[in-house]
Amino acid sequence: RSRGALFIYIQDLPGSTTHTITGQVTHGLELARLAKEGEILCVQVDPPRFDLIGVPVERALEIASSRGVRVKGNIEDSSLVVVEQEPPTTLQSLFSKEVTVGVVSLEQVIDIELDDKAAPDSCDIFRRLTGLHLHDVGRIPFFFTFDDVFLFKPKIPKGVNINPENTPIDHVSAGILAITNDSRKSAGLVGVRTTDNSEFGPTSEPFESTNIIGKVRDLDKLPLLKEKEIVFIREVKS
Numbered sequence: 023r024s025r026g027a028l029f030i031y032i033q034d035l036p037g038s039t040t041h042t043i044t045g046q047v048t049h050g051l052e053l054a055r056l057a058k059e060g061e062i063l064c065v066q067v068d069p070p071r072f073d074l075i076g077v078p079v080e081r082a083l084e085i086a087s088s089r090g091v092r093v094k095g096n097i098e099d100s101s102l103v104v105v106e107q108e109p110p111t112t113l114q115s116l117f118s119k120e121v122t123v124g125v126v127s128l129e130q131v132i133d134i135e136l137d138d139k140a141a142p143d144s145c146d147i148f149r150r151l152t153g154l155h156l157h158d159v160g161r162i163p164f165f166f167t168f169d170d171v172f173l174f175k176p177k178i179p180k181g182v183n184i185n186p187e188n189t190p191i192d193h194v195s196a197g198i199l200a201i202t203n204d205s206r207k208s209a210g211l212v213g214v215r216t217t218d219n220s221e222f223g224p225t226s227e228p229f230e231s232t233n234i235i236g237k238v239r240d241l242d243k244l245p246l247l248k249e250k251e252i253v254f255i256r257e258v259k260s
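This is how it looks when you write it as structure tokens:
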């Protein structure tokens, strides 16, 4: 039941088959011994993270060179941005000393803003569904469009609950980004409208089933999307 929880051993104990060893505390173990429930500990990881996703090609090459990693892929155009990295993890990349990257033009990346103050839980879920919790550029599958509605359908892991949060009252403006909550069968569906609406939310669901999580800046890029393609998104601050 505690799958995914992190444990720090503060004394020698017999090994457990339910725990996977991921590292070792080299400094500050006394903080773990003294920590009380609810307190936050700062963690500095060695080796530092190696992640090129969301980074312009020119800068990606500089980062990789400083870590002794060779970059393969379409890297001749420095105006492109990295959206894929293989191998994906720091340890794999540093061990192989080589990564292959996928790149796109920034014109193919849609900028969005997320409203953590009004919808902290829904924004956290959205980031995890799209990879924005790990990278500067995330990805989300485009579902389809009708009228002024554009819908995206990320895969919802089992056990993820989207409770009602920051639901609109009587109006949603063009560009508002929303996710359908668990009150409807289509929970997890993400949508945006290109015009104002006072009847239904951005996912074309009733207001009470709509969690507003932010807004889309690049509405002009939406008509260029094709059904079932992967859309790249970037979170920007207002």
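Residue 23 is where the sequence shown starts when you use our numbering, and the numbers rise one by one after that. Beta carbons: idealized from backbone N, C-alpha and C, even for Gly.
- A distance below 6 Å between beta-carbons, with the five flanking residues on each side excluded, links V104 to the following residues of its chain, in chain order: L74, I75, V77, A82, V123, V125.
- If you draw a straight line from the Cα of P228 to the Cα of V214, it comes to about 14 Å.
- A residue is called buried once 16 or more other Cβ atoms fall within 10 Å of its Cβ, and L113, having fewer, is exposed.
- With a cutoff of 8 Å on beta-carbon distance, L211 and I235 are scored as not near each other.
- Under the DSSP assignment, I85 falls in the alpha helix (DSSP H) whose first and last residues are 79-88.
- Take the alpha-carbon of L246 and the one of F164: they are about 11 Å apart.
- The continuous alpha helix (DSSP H) containing R150 extends over residues 142-152.
- In terms of CA proximity to L116, I85 leads the group S127, I85, I132, N96.
- The C-alpha of V47 lies about 15 Å from the C-alpha of L56.
- Secondary structure at R25: coil, using DSSP grouped into helix, strand and coil.
- Going by DSSP, T202 is part of the beta strand (DSSP E) stretching over 198-202.
- By the Cβ neighbour-count rule, K237 is buried, with 16 or more other Cβ atoms within 10 Å of its own.
- Scanning L136, V159, K94 for the CA closest to the CA of E120 turns up K94.
- A check of alpha carbon separations from T232 across H193, K243, V258 identifies H193 as the nearest.
- Around the Cβ of H41, a 10 Å sphere holds fewer than 16 other Cβ atoms; the residue is exposed.
- Straight through space, the alpha carbons of L51 and I32 are spaced by roughly 7 Å.
- For the 8 Å CB-CB criterion, V253 and F166 do not form a contact.
- Per DSSP, D73 has no beta-bridge partner at all.
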